[in-house]
Structures are given as C-alpha cells and as structure tokens.
Amino acid sequence: MPRTVMITGTSSGVGRASALALAARGFTVFAGVREESDGEALRRASADEIVPVRVDVTDAGSIAAAAERVERATGAAGLTGLVNNAGIGAPWPMELVPLEEFRRHLEVNLTGQLAVTQAFLPLIKRARGRIVNVGSEGGRITLPFLGPITAAKHGLVSMTDALRLELRPWGVSVSIVEPGATRSDAPAKLVENGRRAVAERFSPQGRADYGAAVEHVIAAIAAIHRRAGSPPEVIAGAVVAAMTARRPRTRYPVGGHAKLLTRLRRVLPDRAMDALVTRLLGLPGPEPRAAAPHA
Ligand SMILES: NC(=O)c1ccc[n+]([C@@H]2O[C@H](COP(=O)([O-])OP(=O)(O)OC[C@H]3O[C@@H](n4cnc5c(N)ncnc54)[C@H](OP(=O)(O)O)[C@@H]3O)[C@@H](O)[C@H]2O)c1
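Heads up: the sequence shown begins at 1 in the working numbering, then just goes up one per residue.
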C-alpha cells in the first residue's frame, strides 16, 4: 500500500529534514508551506517526490483547502501519517508578554496543531494511520522567559496523550517527538525576536526590570544550541522512527540534552530543578531571603 504523509512547517529545519527523510523512505510527502517558493525549493530538492501544499496552521480556510487537496490525492486509501511540526517562539517575561502575543504562541504551537489534526483525522482513520506531534523538551522543562512557548508545548504533551487514548478504537497511533536544542533557523529567530522585543516593545520600566536578563538568557540559549545542538536530521530520524516502527513509542526525547534533562526533571524536586536551570543559563542565584513577615 502506498505510504503518504502530511507535514506542517516544512520550509526549514525539522519539518524540511523530515519531509526529505520520509520521501527518501518511499513516502509520498505532502509538505505544508506558507510560501509557494519554499514548496518549490523543497520539491526540487526531492526530485519531485514531495508535493507542496499551502497551509497556515492558524487559518481555518487554508487548513480545510489543504485537507481537501490531500483527500483528492489519497482517495479511499486515506492518509498514512500526519506530522504536526509547525512552531514559533519568542522570549518574553510572563509579566510583560502582551496577551495577543501569548495567544499567538498558543494558536500556532497548540490550537493550530489540533485544528490540523481535526481536519486530517477522517483521512488518517481511513488508513489506520499515525499522528506525530513535534513537541519540545520545553514541554517537560520550563526555562525563564520562554513561558509562552513552554506553556504551549506542555499543553501539546497533554493533547498528545488525550489523542492517543481516544483514537485507540480506530488503531491510530499518536506519538510526540520532543527535541532538545536543534541547530535549525529557530535559535536565530529566537534571538532576533527577543532583541527586537526588548528594544521596541518593552516599556522603559520593563526594560529596566528584565532587559538585561532576557538578553543574557537568549545569548546563553544560542550558545547552548551552537555547542550542544543537534542537526535537524537527527530529529527527523525520530519522526521517521515514529512513522515506520512496527510498535511506535509514545515519546521520543531526542537531540541536544533532551533525554538527560527529561530524566532529571522526573527525579529532581522543583527547587533543585530551578537551581540547575538557573546555573545552566548562568543566571544569578536568588536574592538573600527577606525576613518572614510574622517572624
Ligand atoms: N530548534 C530547536 O531547538 C527546537 C527545540 C525543541 C522543539 N523544536 C520544535 O521543532 C519544530 C520545528 O522547529 P524548527 O527548529 O525546525 O524551526 P524552524 O526552522 O523555525 O521551522 C518552523 C517551521 O514552522 C513554520 N510555521 C511557523 N508559523 C506557521 C504557521 N502559522 N503555519 C504554518 N507553518 C508555520 C515555519 O514556516 P515559515 O518559514 O513560513 O515561517 C517553518 O517552516 C517546532 O515545533 C519547534 O517548536 C525546535
């Protein structure tokens, strides 16, 4: 039976590497892109085995059109796989993040994944296919100033669990790939978004309170990606495994320090984890404690 897969966010990084890797394994890949030129570049790179499909995961009309297009191409056989990969990230302190910016993070990284899943599920059920969500080690571990992304990625962990439990009757398997630091375009976008936010969108008081710490953390994160980041192809390897293994695993922590950090998160108490994260990012320790009010 021909194997078919729809992947969102294939213009670069993990999505692009996954599209090429799955095409190389014989899948017909429907590659979600927002710009036609990105789709064309990918099609050429794969010697025409990849079919670009325009989709913005925040746009219901574009999702419906993409699902119709894929349904026409796959027919009664249905769709063997869906990879929800599209994602964005900008650093913001929780005290300052504009609510529309917080909602945008949830929309692209979480609600958008559900919208795409709902649209493609009839096709996936037809093929008793598989869903692979691309989460993050940030779905297990929270870093300061990455709250909007990690809140969405924590939500994606739970959504993946709910889908896995609910879709058992149809034989649809649902996994989550949880990348650690990955050397895609994302770290540079994070740094750029962060610097621009501090310079242009923080209030003067916000800049005084948080500016230096945010700049410090994004520089530390960029350095960790350079030093210990994995190439996107490593993450794509886990996507391929989740799509092709006879018994796919429920979770694939992969790349960077994902496995180690996820294991530590499971065993360390919160305060010890806070100290570890603070040290990893080179942030100063806590201020000396103020006296308790009723001491
Ligand atoms: N890089 C890391 O260190 C890292 C770590 C953990 C998890 N991840 C996760 O891995 C996934 C892929 O990220 P990446 O590292 O490969 O980053 P990337 O190179 O920046 O790729 C992100 C992709 O998402 C697409 N996208 C953004 N907004 C979209 C929207 N509204 N609708 C459809 N597509 C949209 C982008 O398309 P455009 O080019 O059109 O914007 C791009 O193709 C993300 O879910 C990310 O959270 C990455």
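Every residue, glycine too, gets a C-beta built ideally from N, C-alpha and C.
Residue from the options with nearest C-alpha to residue i
| i | options | result |
| --- | --- | --- |
| residue 192 | 241, 222 and 54 | 222 |
| residue 6 | 97, 98, 117 and 105 | 117 |
| residue 277 | 217, 251 and 250 | 217 |
| residue 85 | 136, 275, 65 and 99 | 136 |
| residue 96 | 285, 202 and 226 | 202 |
| residue 67 | 54, 120, 41 and 36 | 120 |
| residue 251 | 200, 224, 272 and 176 | 176 |
| residue 283 | 167, 214 and 245 | 214 |
| residue 113 | 8, 267, 200 and 227 | 8 |
| residue 259 | 245, 272, 246 and 228 | 228 |
Neighbourhood of residue i by C-beta, 8 Å cutoff - its chain only, sequence neighbours within 5 removed
| i | result |
| --- | --- |
| residue 230 | 179, 180, 181, 182, 183, 254, 255 and 256 |
| residue 219 | 191 |
| residue 295 | Residue placement at residue 295 is poorly supported in this model, since its pLDDT is 47, which falls under 50; the coordinates are not used for a value here. |
| residue 281 | 143, 144, 216, 217, 220 and 221 |
Close Cβ partners of residue i (< 6 Å) along its chain, the five nearest in sequence each way excluded
| i | result |
| --- | --- |
| residue 17 | 232, 233 and 236 |
| residue 164 | 174 |
| residue 140 | 262 and 265 |
| residue 187 | 222 and 225 |
| residue 155 | 110 |
Those residues which DSSP pairs with residue i across a bridge
| i | result |
| --- | --- |
| residue 1 | None, per the DSSP bridge assignment. |
| residue 215 | Its beta-bridge partners do not exist; DSSP assigns none. |
| residue 192 | DSSP lists no partner for residue 192. |
| residue 32 | 53 |
| residue 172 | Note: residue 172 sits in no beta bridge, so no partner. |
| residue 131 | 82 and 174 |
| residue 6 | 30 and 82 |
| residue 179 | 254 |
Contact set for residue i: own chain, Cβ-Cβ below 7 Å, skip 5 residues either direction
| i | result |
| --- | --- |
| residue 38 | 11 |
| residue 243 | 5, 22, 81, 130 and 132 |
| residue 20 | 45 and 46 |
| residue 275 | none |
| residue 14 | 85, 134, 179, 182, 184, 232, 235 and 236 |
| residue 25 | 240 and 244 |
Neighbour flag for residue i against chain B, beta carbons, 7 Å
| i | result |
| --- | --- |
| residue 223 | Of the chains in the structure shown, none is chain B; there is only one protein chain. |
Near ligand 3: residue i beta-carbon under 6 Å from a heavy atom
| i | result |
| --- | --- |
| residue 186 | The model depicted lacks ligand 3 and carries ligand 1 instead. |
(Q) Could you tell me which whole beta strand (DSSP E) segments of length 3 or greater appear in the region 63–123? (A) Within the region 63–123, complete beta strand (DSSP E) segments of at least 3 residues are found at 81–84, given in chain order.
(Q) Threshold first: 4 residues or longer. Then list the alpha helix (DSSP H) segments lying entirely within the region 220–278, N to C. (A) 232–244 and 258–267
Q.
I want to know whether the region 81–91 touches the region 141–160 - three or more CB-CB distances under 8 Å.
A. yes
Q: Determine contact between the region 205–212 and the region 99–116, defined as no fewer than three beta-carbon pairs at a distance below 8 Å.
A: In short, these stretches do not touch, since the Cβ pair count stays below three.
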